[in-house]
Amino acid sequence: YAYFDGEPRWDRSSPMILTYAFSPDHTIDYLSSADIRAVFERSFARWSSVIPVNFTEVDDYYSADIKIGWYRGDHGDGQPFDGVLGVLAHAFSPENGRLHLDGAEAWAVDFKEQKSKVAVDLESVATHEIGHILGLAHSAVKDAVMYPSLSPRTKKVDLRIDDVEGIQALYGSNPNFKYSSLYESDISSSRS
Amino acid sequence: RKLLDPSTELTADVRTNSNATWHSFMRFLDAEKGSQLRGMSELKKYFQRFGYLSIPNQNLTDSFDEDLESAVLQYQKNLGLPATGRLDSDTMKEITSPRCGVSDKKTRTAQKLHAKIH
Chain S
185 YAYFDGEPRW
195 DRSSPMILTY
205 AFSPDHTIDY
215 LSSADIRAVF
225 ERSFARWSSV
235 IPVNFTEVDD
245 YYSADIKIGW
255 YRGDHGDGQP
265 FDGVLGVLAH
275 AFSPENGRLH
285 LDGAEAWAVD
295 FKEQKSKVAV
305 DLESVATHEI
315 GHILGLAHSA
325 VKDAVMYPSL
335 SPRTKKVDLR
345 IDDVEGIQAL
355 YGSNPNFKYS
365 SLYESDISSS
375 RS
Chain A
12 RKLLDPSTEL
22 TADVRTNSNA
32 TWHSFMRFLD
42 AEKGSQLRGM
52 SELKKYFQRF
62 GYLSIPNQNL
72 TDSFDEDLES
82 AVLQYQKNLG
92 LPATGRLDSD
102 TMKEITSPRC
112 GVSDKKTRTA
122 QKLHAKIH
């Protein structure tokens with residue numbers, strides 16, 4: 185795992201609660217709002233299960249800590265999107281909170297419904313970008329959620345030991361977290 | 012008879028994983044320091060974008076120079092690929108894959124502490 189320069193992290197009183205909201209203007213219309221919300225709820229919950237940080241969705245986009253939206257091309261943050269595939273999404277380090285997804289991608293919540301060959305799993309990308317929002321940079325571990333690339337029609341949502349060790353070094357461990365909840369292969373490779 | 016390009020097999024493999032822009036980089040497969048290939052400056056822009064090259068745009072040439080070799084090596088190291096310094100098939104497959112737009116630059120890999128019992 186790796187961090188951004190200076191190892192920035194959210195600095196709030198414990199128990200830490202971060203709010204998130206979806207842009208009312210920059211969204212996609214072919215996935216239902218309920219599906220999108222469910223995907224992000226699960227993605228945030230994965231990180232929440234390993235660190236003492238809770239995430240709550242709020243309606244007020246402008247006051248939320250984490251602002252989520254879909255954008256196309258140049259959208260004013262100096263990091264233009266490039267159409268189908270290429271760059272899928274980006275997010276900013278703490279405590280910026282912006283999480284942007286490329287509106288040109290064929291986002292999928294279920295590959296049985298989204299038949300496109302270039303469909304991209306929303307939950308995998310959301311989980312990865314939340315890692316950036318929290319302060320993790322890209323990992324060299326191919327199986328880690330924080331590895332930078334993701335093939336179309338591929339799902340990679342489970343945090344691996346590299347992700348967990350990285351984020352827990354920043355925020356500490358969730359008292360209810362158990363290593364046994366991770367992949368057995370991860371645990372054995374870590375032991376070795 | 013049309014001759015097959017040496018990159019054909021790999022090209023087919025990554026076709027569904029790459030977009031048009033990055034897919035065109037497949038023509039640089041197996042290039043190494045000293046190679047001179049038209050359009051190499053576009054690949055340099057890719058490395059520039061993701062934090063591996065800091066050469067100004069106007070100075071980007073089509074030659075596989077020392078700076079590019081060092082960028083390729085750093086890229087391979089950062090992404091857990093074999094460090095060959097060449098645009099080998101593993102490296103090209105990764106370069107043409109869709110990815111997160113966050114730069115790989117300005118990251119610090121955590122060093123694990125090693126304790127000794129005295």
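Those protein sequence lines, which keep their order, are chains S and A. Residue 185 is where the first sequence starts when you use my numbering, and the numbers rise one by one after that. Residue 12 is where the second sequence starts when you use my numbering, and the numbers rise one by one after that. Heads up, the beta-carbon is just placed ideally off N, CA and C, and yes, glycines get one too.
Proximity of residue 81 of chain A to chain S, defined by a Cβ-Cβ separation below 8 Å, is not satisfied.
With a cutoff of 8 Å on beta-carbon distance, residue 351 of chain S and residue 228 of chain S are scored as not near each other. When C-beta distances to chain S are compared with 8 Å, the residues of the segment 102-115 of chain A below that value are 105, 108, 109, 110, 111, 112, 113, 115, in chain order. Straight across, the Cα-Cα distance linking residue 286 of chain S with residue 200 of chain S is about 29 Å. Taking the C-beta atoms as reference points, residue 292 of chain S is found nearer than 8 Å to residue 304 of chain S. Residue 238 of chain S: member of the beta strand (DSSP E) spanning 237-241, first to last residue.
Residue 89 of chain A counts as buried, since no fewer than 16 other beta carbons sit within 10 angstroms of its beta carbon. At a C-beta separation below 9 Å, residue 91 of chain A has these neighbours in chain S: 323, 324, 325, 326, 331. Annotated as distal: residue 290 of chain S and residue 271 of chain S, with beta-carbon spacing of 8 Å or more. Within its own chain, the residues whose Cβ lies closer than 8 Å to the Cβ of residue 35 of chain A, once the five positions on either side in sequence are excluded, are 50, 53, listed in chain order. Taking 4 residues as the minimum length, the alpha helix (DSSP H) runs contained wholly in the segment 87-118 of chain A are 100-106, in order along the chain. Residues of chain A with a Cβ closer than 8 Å to the Cβ of residue 290 of chain S do not exist; the shortest Cβ-Cβ separation is about 11 Å.
Assigned with DSSP and collapsed to three states, residue 305 of chain S falls in strand. The three-state reading of DSSP puts residue 350 of chain S in helix, counting H, G and I together. Assignment of residue 254 of chain S by DSSP, reduced to helix, strand and coil, places it in the strand class. When the five nearest sequence neighbours on each side are left out, the beta carbons in the same chain lying within less than 7 Å of the beta carbon of residue 311 of chain S are those of 227, 230, 329, 341, in order along the chain. For residue 219 of chain S, the uninterrupted alpha helix (DSSP H) run begins and ends at 217-232, by DSSP.
Under the DSSP definition of a beta bridge, residue 312 of chain S lacks any partner. For residue 204 of chain S, the uninterrupted beta strand (DSSP E) run begins and ends at 200-206, by DSSP.
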